[in-house]
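In this note's numbering, the protein residues as written are 102 to 371.
By construction, the Cβ of each residue, glycine as well, lies at the ideal position given by its N, Cα and C atoms.
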């Protein structure tokens, strides 16, 4: 199913529909039939989304009259696609903002914007600087806290790392350096999973660490990772690729052992 000819920017689901964003729209698709339930065109660039409580929150960019961009969160109704843009607005005057990420937990939305983790509850509740020179970030939020992975860039002098931020106060609880660039993070049941690209290896790594103190539980070094990580029912799911082509890999949460793999026709991105 292809919503439009535009590149897919993000993907989410609430068990009823699959929600797909592109640079121009947000589409709800029935996963059983592949039919489109609704299409929302807010007239701005749609970049990231997070789903929960019967609604979708998405980061959008609105270009101003002088060429600046205003970054904001819009809320879309999961049944109809109706939306508003009254949640949070931040001006950006130096062109399109850097990449960010959204997560949702206990009715709050968390955004990684311009080196800050921002907690949004109706309005902005708090913001904390995670790392000033990072290129971009990924984010996961659970009962154990907000987990942030920083990526390295040519402008960054800080080693990529995984952070745990207390969601009540916005303070950093711990920081764990990563062996190379961090690309994604997922968390469930007291464990945090990170996809990393070690600088001295030709394969990607997946690390599992304890959510309470950041201690390492296991690490895998096996093949290129092409997708974000998803955790469900004691299993980590991730897209990978080897010399034979792309596949979906299922990994045991407790041990890091691969349970099975399914070959697919093209690389998995989400």
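Of the residues the options, the one placed nearest residue i, counting alpha carbons only
i, options, result
"residue 156", "288, 362 and 116", "116"
"residue 181", "207, 130 and 226", "130"
"residue 357", "177, 295 and 266", "295"
"residue 229", "133, 162, 215 and 110", "215"
"residue 344", "331, 206, 324 and 359", "324"
"residue 211", "153, 184 and 262", "153"
"residue 123", "135, 205, 285 and 144", "144"
"residue 270", "142, 220 and 133", "220"
"residue 335", "352, 341 and 321", "352"
"residue 367", "355, 340, 361 and 359", "340"
"residue 369", "203, 362 and 349", "349"
"residue 316", "249, 118 and 275", "275"
"residue 371", "338, 311 and 240", "338"
"residue 311", "260, 245 and 363", "245"
"residue 174", "164, 203 and 183", "203"
"residue 342", "120, 226, 305 and 132", "305"
"residue 177", "225, 307, 113 and 355", "113"
"residue 320", "331, 240 and 355", "355"
"residue 142", "183, 331 and 118", "183"
"residue 332", "169, 322, 179 and 307", "307"
"residue 179", "138, 169 and 207", "138"
"residue 239", "227, 225, 226 and 261", "261"
"residue 272", "363, 227 and 314", "227"
"residue 263", "224, 314 and 135", "314"
Check whether residue i and residue j have beta carbons under 8 Å apart
i, j, result
"residue 171", "residue 159", "no"
"residue 347", "residue 326", "no"
"residue 268", "residue 288", "no"
"residue 150", "residue 198", "no"
"residue 329", "residue 290", "no"
"residue 231", "residue 249", "yes"
"residue 222", "residue 205", "no"
Beta-carbon separation (whole angstroms), residue i vs residue j, contact threshold 8 Å
i, j, result
"residue 297", "residue 280", "6 Å"
"residue 140", "residue 126", "6 Å"
"residue 201", "residue 213", "5 Å"
"residue 318", "residue 292", "6 Å"
"residue 121", "residue 132", "The Cβ separation is near 11 Å, so there is no contact."
Quiz item: In the region 291-329, which residue ranges form an unbroken alpha helix (DSSP H) of at least 4 residues, counting only runs that do not cross its ends?
Solution: DSSP runs (the alpha helix (DSSP H)) wholly in the region 291-329: none.
Quiz item: Which runs of the beta strand (DSSP E) fall wholly inside the region 106-174 and span at least 3 residues, in chain order?
Solution: 109-114, 119-123, 127-130, 137-141, 146-153 and 156-164
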